[in-house]
Every structure is written in C-alpha cells, then in structure tokens.
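**Student:** Have a look at this one.
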Amino acid sequence: MEKSQERKRKFREALRDKKRIVVKIGSSSLQHPETGDLDYTKLDVLVRELCDMRNRGKDVALVTSGAIAVGKKAVHMADMEHPGGSPIALKQACAAIGQARLMMTYQKIFAEYNQVAAQILMTKNTIVDNLNRYNAHNTFSELFRLGVIPVVNENDTVATYEIEFGDNDSLSAIVAALVGADLLILLSDIDGLYTDDPRKNKDAEFIDVVEELSDELMEMGKSSTGSGVGTGGMNTKLVAAKIAASSNIDMVIANSRDIKVLHRILDGQDIGTLFVGKREVYFDLPEFVENMHK
Ligand code: GLU
201 MEKSQERKRK FREALRDKKR IVVKIGSSSL QHPETGDLDY TKLDVLVREL
251 CDMRNRGKDV ALVTSGAIAV GKKAVHMADM EHPGGSPIAL KQACAAIGQA
301 RLMMTYQKIF AEYNQVAAQI LMTKNTIVDN LNRYNAHNTF SELFRLGVIP
351 VVNENDTVAT YEIEFGDNDS LSAIVAALVG ADLLILLSDI DGLYTDDPRK
401 NKDAEFIDVV EELSDELMEM GKSSTGSGVG TGGMNTKLVA AKIAASSNID
451 MVIANSRDIK VLHRILDGQD IGTLFVGKRE VYFDLPEFVE NMHK
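Throughout the sequence shown, residue numbering follows my numbering, covering 201 to 494 in sequence.
Structure follows, in structure tokens:
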C-alpha cells in the first residue's frame, strides 16, 4: 500500500476505538423534500443507529435541528399572516411548538429501542458564562454516566442574534468540545468535501481525509451556500471542523441519504470526509464562542 494510503487507513481504523460520539443531523435531512413533513423512516434509522452505538458501549449525543421547520408546519406558517407579531417572535414561537413536537417523536422512537433520551437546549451563554458552562458540562457527564442519550438543539425560543450560535454545525462541534467527545459526525445533504463545487465543476475532486485545515481550504467553504432548509452550508461545516480539530476531536462529514453509514464509519470504512483532530493546540472554547459573530 502506498504511504499516504496507509496513513489514511490508520486514521480510519482509529475511528473504531472512539468512545464518546456526537452526531449532528440537519433539518433538510429530516424532512421529505416534497412536503417538508418529517421523514419517519429516516428518523427511525437514525435513532436505531444511535441506540446501537450505545449498545456497543459508546457514549452518544445527538444534535438535531428541525424545531423551526416542524413548528412552521404545525401552524401552517407558510400561508399564515402575522399582523402585529414580529417575524422573530413568530420564528421563536414556531421553534417552541416544533421543539416539543420533534422531541415527542424522538422520545417515542428511542423508547421503542429501550433507550432513555434527554433534552438539552443551549444558547451562547451556556458556553460563555463560566457557571452555566460548568453546570452544562456536569449535566452532560451525569447523563452519560446514566447511559442516557442527550438530544441537543439551540434554544431557538429565546436566542436572538446576540446570544445565538446561528447554526447547528458549529453548535455540534461546540457540544463535542464541551463534553470531551473524541468523534463528531455531521450528517448532511452532501457527500463531504470537494476541491470545488461538484454541481458546477465536473472536475471537482472528492477529498477523503483532511489533516490540515489550511486557510485556502477555509476560504473554499465561504463561497458555498448549502440547502434552503437548514442554516449550514460548507462554510459552517468547515468552522465546525476547525473547532473539532482544535479540540483534538476527529470529525466526519457524511451524506444522510443513507443514515446506516453511521455504523460503517465506526467500523473504519472510507465514508465521507474525515478531518483529523489535532493534539496540542491551544483552544479557548468560551473565548471562541464569545467572538463567533464579531
Ligand atoms: N436550531 C434550528 C432548528 O432546530 C436549526 C439550525 C440549523 O439548521 O443549523 O430549527
């Protein structure tokens, strides 16, 4: 085997031994594109895969979007008027409706697999404020100790611009750093990282392993837009990769078309793009979060 191939194989094999895994799924991966309604088949496979990770003895957390999308659907917001109410308040109201519904659906499916799940909703303050961060960290630790799967989202019902993470790609990496995870998996509507936008450039090449997040690579992501449903394009995924890598966490971006890739990733198979975590990098999580949108 060629040297670089051997090296890549080694990085992939290392995923077999990961102990604490954060999985992120985006809104567009949870909905039927034709109707915007929840795709129960996908949700079921997702939950089954997560429960099976638990059965393998791993600690598992899920970061899930979908609150706003599900809430909008519930009150038919697409064709609803909102006289007097500001769009922000309306969006937050939808998040309040949708988060509860989303969680109800998750709870039902987790229960079918005999698994206990918990809900954690966060804002930037959860990380920036020392006491909040300490408490959140302790809560996660206790949940893992109890064998429970924390289901995390941004607290969209109260988070306005000043205190919002804004996208769940970054949030999932922040959660991974907070809980001391060793693997983050982003399930998305893309296969992973390409040298250019594959929809526009047929010569774009797929990158299977990234060892160094160069400035050039970070720049590449900025021009990407992503889907219309979630808030993350390639840029937010690369920011997540930066947070993860700096916190010594490996990260994989994989396509949510087939959610069963989750156990294959843990088997060390070549799926999606793997960003290799870096040891010995100084990274101040609260400071990073505080300056995120400045
Ligand atoms: N937190 C938002 C929601 O649950 C979505 C954010 C995102 O998709 O990145 O609806």
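Virtual Cβ for every residue (Gly too), placed ideally from N, Cα, C.
How many Å lie between R333 and T326 at the Cα?
**Tutor:** Here residue 333 refers to the residue found at position 133 when the sequence shown is read from its first residue. Here residue 326 refers to the residue found at position 126 when the sequence shown is read from its first residue. Distance between the alpha carbons of R333 and T326 is about 5 Å.
**Student:** I'd like the ranges of any alpha helix (DSSP H) spanning at least 4 consecutive residues and lying wholly in the segment 323-353.
**Tutor:** Taking only runs of at least 4 residues, the alpha helix (DSSP H) segments lying wholly in the segment 323-353 are 324-328, 330-345.
**Student:** Give me whichever residues DSSP pairs with Q205 in a beta bridge.
**Tutor:** Position 5 of the sequence shown, counted from the first residue, corresponds to residue 205. Answer is none; Q205 lacks a bridge partner.
**Student:** Can you list, in chain order, the residues of its chain whose CB lies under 6 Å from that of E213, leaving out five sequence neighbours each side?
**Tutor:** Numbered from 1 along the sequence shown, position 13 holds the residue referred to as residue 213. Counting only Cβ-Cβ distances below 6 Å, and skipping sequence neighbours, we find G468.
**Student:** When we look at the beta-carbon of Q315 and count the other beta-carbons within 10 Å, is it buried (16 or more) or exposed?
**Tutor:** In the sequence shown, counting from the first residue as 1, residue 315 sits at position 115. Buried: at least 16 other Cβ atoms inside 10 Å.
**Student:** In angstroms with no decimal places, state the Cα-to-Cα distance between S370 and I288.
**Tutor:** The residue given as residue 370 occupies position 170 in the sequence shown. The residue given as residue 288 occupies position 88 in the sequence shown. Using only the alpha carbons, I get a separation of about 21 Å.
**Student:** Note down, one range per segment and in chain order, each beta strand (DSSP E) of at least 3 residues found wholly within the segment 208-292.
**Tutor:** 220-225, 259-264, all fully within the segment 208-292.
**Student:** Below 8 Å on the Cβ atoms is my guess for K308 versus K258; work out the distance and round it to an integer in Å.
**Tutor:** On the sequence shown, residue 308 is found 108 positions in, with the first residue counted as 1. On the sequence shown, residue 258 is found 58 positions in, with the first residue counted as 1. Contact flag wrong, Cβ pair sits at about 23 Å.
**Student:** Hey, is the segment 222-241 in contact with the segment 390-397, meaning 3+ C-beta pairs nearer than 8 Å?
**Tutor:** Touching, no, given that fewer than three Cβ pairs across the two stretches are closer than 8 Å.
**Student:** Do N355 and L384 have their beta-carbon atoms positioned less than 7 Å apart in this structure?
**Tutor:** Translated into positions along the sequence shown, residue 384 becomes position 184. Translated into positions along the sequence shown, residue 355 becomes position 155. Cβ distance not < 7 Å, so L384 and N355 don't count as in contact.
**Student:** How many Å lie between N401 and K224 at the Cα?
**Tutor:** Residue 401 sits at position 201 when you count from the first residue of the sequence shown. Residue 224 sits at position 24 when you count from the first residue of the sequence shown. Roughly 28 Å separates the two Cα atoms.
**Student:** Going by DSSP, which residues form a beta bridge with T473?
**Tutor:** Locating residue 473 in the sequence shown gives position 273, counting from the first residue. DSSP output for T473 lists I453 as bridge partner(s).
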